[in-house]
Amino acid sequence: MQRITTTGRVNLSHLFWLRNLAIIGQLVTIGVVQTYFGVHLPLPAMLMVIALEIVFNGLTWVRVLRARPETNFELLGQLWVDLGALSALLFLSGGTTNPFVSLYLPSLAIAAAVLPWHLMIWLAAFAVACYAALGFDSVPLNMDNPANLFDYYRTGMWVNFMVSVGLIAWFVARMSNALRQRDSALGEAQQRLLRDERAVALGVQAATVAHEMGTPLSTIAMLAEELRDAARDDPGLARYEADLKVLEEQMTLCTSALARLRSRASAPASRQPV
């Protein structure tokens with residue numbers, strides 16, 4: 028039987044894999060910027076932020092493996108950490124002048140798909156506060172050739188756009204697939220419940236009919252037996268003795284069939300969950 032997965036658990040698993048992709052993307056971006064654009068970044072501080080992300084994501088995976096369902100506040104904390112790590116990396120690499128600053132938007136789009144609106148407001152306010160803080164203070168970019176700044180910014184914006192589209196499309200597609208699977212599992216569960224209800228109703232009806240027919244059949248069987256006993260002493264009834272015996276045997280078969288019907292009808296009802 029297909030298990031109905033809780034939505035929160037699906038979301039946390041998705042956030043774990045998204046964070047893995049983000050960490051890989053951050054490392055690749057740092058390497059490309061350092062190598063091809065001549066930008067000198069504060070590598071120790073940035074690698075420390077990424078290392079903390081890796082540790083946090085490892086703890087998240089341990090949490091995913093647990094059976095206890097996640098809460099919305101847990102998901103809020105997960106997304107809060109992601110925005111905090113993004114803000115720290117942006118602070119160390121130019122602040123609002125960094126072309127990747129618009130990565131706040133796909134992060135908030137993902138949050139909107141995961142969190143209820145009253146928690147989403149707090150996360151959006153945190154993102155706005157971080158963006159405003161980056162506008163006031165950040166570590167400026169240190170480039171060997173400032174003339175390459177436009178090429179760097181244009182390339183960064185292009186990569187940022189592709190990453191944003193990919194993240195949103197991937198997450199929304201996975202969420203939609205998870206919702207379809209959940210709806211399918213719920214539909215199957217409802218169909219099973221309807222079938223069980225019909226079986227119980229038929230069983231109750233069969234048991235009622237068997238009970239109502241049992242008494243008349245028992246009376247007829249008893250009368251047939253008495254008539255057969257009387258036929259042994261009454262010459263006028265002696266010729267019907269064989270017929271009365273057949274009638275008694277058939278009534279016994281009917282009584283046995285009703286007993287089996289009653290037992291089969293009561294068996295499914297006893298297995299229904301409370």
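Residue numbers (this note's numbering): 28 to 301.
Glycine included, C-beta positions come from ideal geometry on N, C-alpha and C.
Simplified DSSP state of residue i, which is helix, strand or coil
i, result
"residue 172", "coil"
"residue 108", "helix"
"residue 273", "helix"
"residue 66", "strand"
"residue 38", "helix"
"residue 190", "helix"
"residue 166", "coil"
"residue 302", "This structure leaves residue 302 out entirely; the chain is present only between 28 and 301."
"residue 1", "Shown here, the chain extends from 28 to 301; a query on residue 1 therefore has no answer."
"residue 101", "helix"
"residue 183", "helix"
"residue 287", "helix"
"residue 126", "helix"
"residue 121", "coil"
"residue 95", "coil"
Contact under 8 Å by Cβ, residue i with residue j
i, j, result
"residue 309", "residue 150", "In this structure the chain extends from 28 to 301, so residue 309 is not present and cannot be described."
"residue 103", "residue 74", "no"
"residue 127", "residue 187", "yes"
"residue 255", "residue 275", "yes"
"residue 57", "residue 45", "no"
"residue 52", "residue 190", "yes"
"residue 100", "residue 179", "no"
"residue 39", "residue 90", "yes"
"residue 166", "residue 119", "yes"
"residue 96", "residue 194", "no"
"residue 54", "residue 77", "yes"
"residue 153", "residue 88", "no"
"residue 184", "residue 176", "no"
"residue 129", "residue 157", "no"
"residue 162", "residue 214", "no"
"residue 258", "residue 271", "yes"
"residue 41", "residue 209", "no"
"residue 106", "residue 72", "no"
"residue 198", "residue 140", "yes"
Range of the contiguous alpha helix (DSSP H) that encloses residue i
i, result
"residue 84", "70 to 92"
"residue 163", "144 to 163"
"residue 134", "131 to 141"
Any non-hydrogen atom of the ligand SAM closer than 7 Å to residue i Cβ
i, result
"residue 47", "Absence of the ligand SAM is noted for the structure shown, with no ligands found whatsoever."
Any C-beta of chain B under 8 Å from that of residue i
i, result
"residue 155", "Among the chains in the structure shown there is no chain B, since it carries only a single protein chain."
>> Ignoring anything shorter than 4 residues, give me the alpha helix (DSSP H) runs that lie fully in the segment 212 to 261, in order along the chain.
In response: none
>> Under 8 Å: do the segment 242 to 260 and the segment 224 to 231 share three or more Cβ pairs, one atom per stretch?
In response: no
> Would you call the segment 283 to 290 and the segment 236 to 243 in contact, with 3 or more CB pairs under 8 Å?
Replying inline: yes
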